[in-house]
Structures are given as structure tokens and as C-alpha cells.
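Quick notes on the structure that follows.
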Amino acid sequence: MFKVKVYITLRESVLDPQGNAVKGSLHSLNYKQVEDVRIGKYLELTIDKSERNIDELVKEMCEKLLANTVIEDYRYEVEEVVAQ
């Protein structure tokens, strides 16, 4: 079994209005040292072992459903979970 952590963020070239709103709120709370905020998504998947390569499987899921690859980048970490 695998535990997969997927991180999805807007590409640097894409404006992030939600991040700008959070940055403005932080500044209004007097956290002026915050220079930039980018909002993203974090997902955890638990995947049973299969005949398919785990990396190929996760990339396929990210590109077909989890991330909008036109405006978002993704990265992931795979951890093999030992059954107890």
C-alpha cells in the first residue's frame, strides 16, 4: 500500500487573486513582512499496490483529474506503507 501526498499550485505566470487577498489581510493585521502568498491544494491518497507503476499511476491521475495542467503545477511524494 502507498500513501501519496500531492501538492498542486498555480504556475508562477498565473495571477493568484486569492493569494493576494490573503496577503492583504495579513498586511492589515500588521504582518507587513509577508511579501507574497500563493494558494494551492494538498491531497493525500492511499493506493493499493497494483501491477501498474505507482509513479505512472499518480501522474495519470494528476493530469486527468487532480490538477489543471494548463494553469497548475503539481508534485507528489510516495511513501510505501507497511501493513501491521
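Per our numbering, residue 169 is the first one in the sequence shown, and the count goes up by one each step.
From the three backbone atoms N, C-alpha and C, an ideal C-beta is built for every residue, glycine too.
Go ahead and label residue i buried or exposed: buried means 16 or more other beta carbons lie within 10 angstroms of its beta carbon, across all protein chains shown.
i           : result
residue 199 : exposed
residue 249 : exposed
residue 238 : exposed
Who are the near neighbours of residue i in its chain, counting only those whose CB is closer than 6 Å to its CB and skipping five residues on each side?
i           : result
residue 194 : 202
residue 211 : 174
residue 209 : 176
Go through its chain and collect everything with a Cβ distance to residue i's Cβ below 8 Å, but skip five positions before and after it.
i           : result
residue 184 : 178, 205, 206 and 207
residue 225 : 215 and 218
Who are residue i's beta bridge partners in DSSP?
i           : result
residue 215 : 170
residue 241 : 177
residue 208 : 177
So for residue i, helix, strand or coil by DSSP?
i           : result
residue 184 : coil
residue 203 : coil
residue 246 : strand
residue 197 : coil
residue 189 : helix
Cβ-heavy atom distance between residue i and the ligand ADP below 7 Å?
i           : result
residue 225 : Here there are no bound small molecules, and the ligand ADP is not part of this structure.
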